[in-house]
Amino acid sequence: MLTWNNIINFTVKGNPIPDRRLEKPEAEWRALLTPEQFRVTRKKGTEAPHTGALCSIHEAGKYNCVCCDTPLFDSTIKFESGTGWPSFTQPITENAIKYEKDTAFGMVRVEVMCNTCDAHLGHVFPDGPEPSGLRYCINSASMQLQKERTTNEK
Numbered sequence: 001m002l003t004w005n006n007i008i009n010f011t012v013k014g015n016p017i018p019d020r021r022l023e024k025p026e027a028e029w030r031a032l033l034t035p036e037q038f039r040v041t042r043k044k045g046t047e048a049p050h051t052g053a054l055c056s057i058h059e060a061g062k063y064n065c066v067c068c069d070t071p072l073f074d075s076t077i078k079f080e081s082g083t084g085w086p087s088f089t090q091p092i093t094e095n096a097i098k099y100e101k102d103t104a105f106g107m108v109r110v111e112v113m114c115n116t117c118d119a120h121l122g123h124v125f126p127d128g129p130e131p132s133g134l135r136y137c138i139n140s141a142s143m144q145l146q147k148e149r150t151t152n153e154k
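Numbering follows the UniProt record's numbering, in which position 30 of the sequence shown is assigned residue number 30; successive positions increment by one, without gaps.
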């Protein structure tokens, strides 16, 4: 389980090695994504609080990167933070997420990105629930929910 100390170490000493890398020119990302997805993921934008399609969804499944389909978070570790963005306590794997120190807007935060394609996802904070104490605050526009199939579905 990742802790805040692990996150800080990643920002200082380097990120975990991803399983794969995907890079595309900006024009290809623009063609692949909606304007909002492009603004958030490729230009480090933030959607307005309580507006994202995935904020209040609690269906079973995996939350994958909208750019490269890498699994990022599992629905079992999603929680209601009251912040207006989907929140998670851990990534699906330690190397799914990339971490960078973010000093924009006069604040010091830790930005989280997809470790496969560098898509901006949001930020992580040390004010989440136990046992990790982490809150990954993620833009809905940066993810897509891959719902789990029930035994009745084929």
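Built from N, CA and C at the ideal position, the CB exists for glycine as well. Since this is a predicted model, take the numbers as computed values, not measurements.
- Between Asn6 and Thr34, what straight-line distance do the alpha-carbon atoms span, to the nearest angstrom? 33 Å
- Task: On a CA-only basis, which of Ser81, Lys98 and Cys137 is nearest Val124? Give me that one, please.
- Result: Cys137
- Message: In the DSSP assignment, the alpha helix (DSSP H) including Val112 goes from what residue to what residue?
- Response: It is not in any alpha helix (DSSP H) - Val112 instead sits in the beta strand (DSSP E) that spans Arg109 to Cys114.
- Query: Of the choices Ile17, Asn9 and Ile8, whose alpha-carbon is the least far from that of Cys114?
  - Reply: Distance from the Cα of Cys114 is smallest, within the candidate group Ile17, Asn9 and Ile8, for Ile17.
- Message: Closest to Ser81 by C-alpha separation, out of Asp127, Asn64, Thr103 and Glu23, would be which residue?
- Response: Asp127
- Message: I believe Ala60 touches Ser140 by the beta-carbon criterion, under 8 Å. Please report the beta-carbon distance rounded to the nearest angstrom.
- Response: Taking C-beta atoms under 8 Å as the contact rule, Ala60 and Ser140 fail to qualify, at a distance of about 17 Å.
- May I ask you to report which of helix, strand or coil DSSP gives Asn139? Correct three-state label for Asn139: coil.
- Message: Please report the straight-line C-alpha distance between Arg109 and Glu94, rounded to a whole angstrom.
- Response: For Arg109 and Glu94, the gap between their C-alpha atoms comes out near 19 Å.
- Query: Sorted by chain position, which residues of the same chain lie with C-beta nearer than 8 Å to Ala119's C-beta, five sequence neighbours on each side aside?
  - Reply: Thr41, Arg42, Cys65, Val66, Cys67, Cys68, Met113 and Ser142
- Cβ neighbours of Cys55 in the same chain (closer than 8 Å, five flanking residues each side left out): Gly84, Trp85, Pro86 and Ser140
- Item | Identity of the residue in Leu72, Gly122, Glu148 and Leu134 nearest Gly45 by Cα | Gly122
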